[in-house]
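In my numbering, the protein residues as written are 1045 to 1327.
Read the structure below first, then the notes.
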Amino acid sequence: MNLNLYPLRSLMAAMVLGLAGPARGEVAEAMRKALDRVIEEKAEAHLVPGIAVVVMEREKVAYSFCRGPAGTGEITPETPFIVGSISKLFTATAVMQLVDRGKIELDAPVQRYLPDFRVADADASGRITVRQLLNQNSGLPTNAARATGADRTLQDHVKALSGVSLAGPVGGVHTYSSPNYQVLGALVEKVSGRSFAQYLEENIFLPLGLRHSFTNLSQARANGLVPGRNLWFGWAGPSFYEFEPDRLPTASIMTSAADLGRLLAAHLQNGRLGDVRLVSESA
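Structural data, given as structure tokens:
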């Protein structure tokens, strides 16, 4: 990215379902067998109960590896998972789309768009920019406060930061903090006039043909959502993680390996997938 952000393309490539397309055509049989063997060995060594891997060449799946039970059968490249912090990739994409459309300026203070955004330091509150939220060098600490309550919203999470002391200077070192992306989710809602879920579905899922990506838990379960697992002394038991709709921008998006592959492919091809322009080349 030419904007001194974490490049979306580089950020995507660092994810577990990273993209490394072969030179031409599908992965050769010898390479396929070698990849199968390596993934199988790693999955067994780390006691992974279920896995889906895809390698893309442009907009096509050149290789896939799947193993384990899903919610309604066996895992396939189209099986949805709750992808945790990979959700932030969707959020960054949404923000950069709005930058492309002239609705957000990266170096504008967050308070221009969200007047209720503030931390304990009033001066720092007015200096934190959209770019710094994306880069995670806003100063927000990893354990920054979050809203509580059954019906909490993204705006509630923004307001919950009002008493938070920064972990470092604004624009200083990178500090991984999910609340940066909770604020960005609220920013997307405010600027677009749509709920975060609606924005994703209309501007990312639908244009890219992500048919196995969800913001609604019931829909994801109906399409075979993989239940999470926690490892306890070598035994894979049910995960304690619960789907939280108010944390879609940071942790709760549900998508498949194949859909992530399409999103990655768009970014690695300068923001375009086939005839669809997702973001500008500069993004």
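We put the beta carbon where it would ideally sit given N, CA and C, even for glycine.
Excluding five sequence neighbours on each side, which residues of the same chain lie with their C-beta closer than 6 Å to the C-beta of residue i?
{"i": "Asn1274", "result": "Gly1281, Ser1283"}
{"i": "Leu1307", "result": "none"}
{"i": "His1218", "result": "Gln1180, Asn1181"}
{"i": "Ala1067", "result": "Only weak support exists for where Ala1067 lies, its pLDDT of 46 falling under 50; the coordinates are left without a value."}
{"i": "Asp1303", "result": "Leu1254, His1256, Ser1257"}
{"i": "Gly1272", "result": "Ser1283, Tyr1285"}
{"i": "Gln1313", "result": "none"}
{"i": "Met1059", "result": "For Met1059, the pLDDT reaches just 37, beneath the cut-off of 50, and the residue's location in the model is therefore unreliable, leaving the point undetermined."}
{"i": "Ser1206", "result": "Arg1162"}
{"i": "Ala1189", "result": "Ala1204, Val1208"}
Kindly list the residues whose CB is nearer than 7 Å to the CB of residue i, restricted to its own chain and excluding five residues on each side of it in sequence; keep chain order.
{"i": "Gly1315", "result": "Arg1321, Leu1322, Val1323, Ser1324, Glu1325, Ala1327"}
{"i": "Ala1064", "result": "Any reading at Ala1064 needs caution, since the residue's pLDDT is 41, under 50, leaving its predicted position unreliable; the model's value is listed next. Excluding positions up to five away in sequence, the list reads Val1099."}
{"i": "Ser1236", "result": "Leu1142, Tyr1243"}
{"i": "Gly1170", "result": "Pro1153, Gln1155"}
{"i": "Asp1319", "result": "none"}
{"i": "Asp1080", "result": "Phe1109"}
{"i": "Gly1268", "result": "Ala1114, Gly1115, Thr1116, Gly1117, Thr1123, Pro1124"}
{"i": "Asp1151", "result": "Thr1173, Arg1175"}
{"i": "Arg1076", "result": "Tyr1107"}
Run through the DSSP bridge pairs and tell me what residue i is partnered with.
{"i": "Val1105", "result": "Met1100"}
{"i": "Met1298", "result": "Ile1126, Phe1258"}
{"i": "Asn1274", "result": "Gly1281"}
{"i": "Ile1095", "result": "Arg1111"}
{"i": "Val1082", "result": "Answer is none; Val1082 lacks a bridge partner."}
{"i": "Glu1233", "result": "Answer is none; Glu1233 lacks a bridge partner."}
{"i": "Val1320", "result": "Leu1317"}
{"i": "Gly1305", "result": "Gly1305 pairs with nothing; no bridge assigned."}
{"i": "Glu1118", "result": "Pro1113"}
Please check the pair residue i and residue j, which I expect to be a contact at CB under 8 Å, by giving their CB distance rounded to whole angstroms.
{"i": "Thr1299", "j": "Val1127", "result": "6 Å"}
{"i": "Gly1094", "j": "Gly1117", "result": "Between Gly1117 and Gly1094 the Cβ distance is about 12 Å, and since that is not below 8 Å, they are no contact."}
{"i": "Ala1309", "j": "Val1097", "result": "Not really, about 15 Å apart at Cβ, beyond 8 Å."}
{"i": "Thr1120", "j": "Val1270", "result": "With a Cβ gap of about 11 Å, Thr1120 and Val1270 do not count as contacting."}
{"i": "Leu1252", "j": "Gln1226", "result": "24 Å between Cβ atoms; not a contact."}
{"i": "Leu1317", "j": "Glu1103", "result": "5 Å"}
{"i": "Pro1146", "j": "Arg1265", "result": "The displayed chain sequence assigns Gly, not Pro, to residue 1146. 38 Å between Cβ atoms; not a contact."}
{"i": "Ser1221", "j": "Leu1178", "result": "About 12 Å separates the two Cβ atoms, so there is no contact after all."}
{"i": "Val1214", "j": "Ala1166", "result": "Going by Cβ atoms, the distance from Val1214 to Ala1166 rounds to 12 Å, so no, they are not a contact pair."}
{"i": "Gly1305", "j": "Val1105", "result": "6 Å"}
Tell me which residues share the same chain as residue i and place their Cβ nearer than 8 Å to its Cβ, disregarding the 5 neighbours each side in the sequence.
{"i": "Ile1148", "result": "Val1139, Leu1142, Tyr1157, Val1174, Leu1231, Val1235"}
{"i": "Asn1046", "result": "With a pLDDT of 37 at Asn1046, under the threshold of 50, the predicted position of this residue should be treated as unreliable, though the coordinate-derived value follows. Hits under 8 Å: Ser1326."}
{"i": "Glu1288", "result": "Ala1295, Ser1296"}
{"i": "Ala1241", "result": "Thr1259, Asn1260, Pro1289, Leu1292"}
{"i": "Asp1144", "result": "Val1323, Ser1324, Ala1327"}
{"i": "Ser1239", "result": "Glu1233"}
{"i": "Leu1091", "result": "Leu1275, Gly1278, Ala1280"}
{"i": "Glu1245", "result": "Thr1259"}
Please determine whether the Cβ atom of residue i lies at a distance below 7 Å from any heavy atom of the ligand SAH.
{"i": "Met1075", "result": "Absence of the ligand SAH from the depicted structure is noted, as is the absence of any ligand whatsoever, leaving it without description."}
Exercise. Determine, using beta-carbon pairs with one atom in the stretch 1289-1298 and one in the stretch 1129-1148, whether at least three such pairs fall under 8 Å.
Key: Enough Cβ pairs lie closer than 8 Å, so yes.
Exercise. Spell out a yes or no on whether the stretch 1229-1239 and the stretch 1185-1202 are touching, meaning 3 or more CB-CB pairs, one atom from each, closer than 8 Å.
Key: Output reads yes: the stretch 1185-1202 touches the stretch 1229-1239.
Self-check item: Stretch-stretch touch, CB-based, cutoff 8 Å, three pairs: the stretch 1204-1216 with the stretch 1247-1267
Solution: No: the two stretches stay apart, fewer than three of their Cβ pairs being nearer than 8 Å.
Exercise. Please list the segments of the alpha helix (DSSP H) lying wholly inside the stretch 1138-1181, counting only runs of 4 or more residues, in order along the chain.
Key: Within the stretch 1138-1181, the alpha helix (DSSP H) runs of at least 4 residues that lie entirely inside it are, in chain order, 1166-1169, 1174-1179.
Exercise. Enumerate, from N- to C-terminal direction, the unbroken alpha helix (DSSP H) stretches of 4 or more residues contained entirely within the stretch 1203-1253.
Key: Complete alpha helix (DSSP H) runs here, min 4: 1223-1236, 1240-1244.
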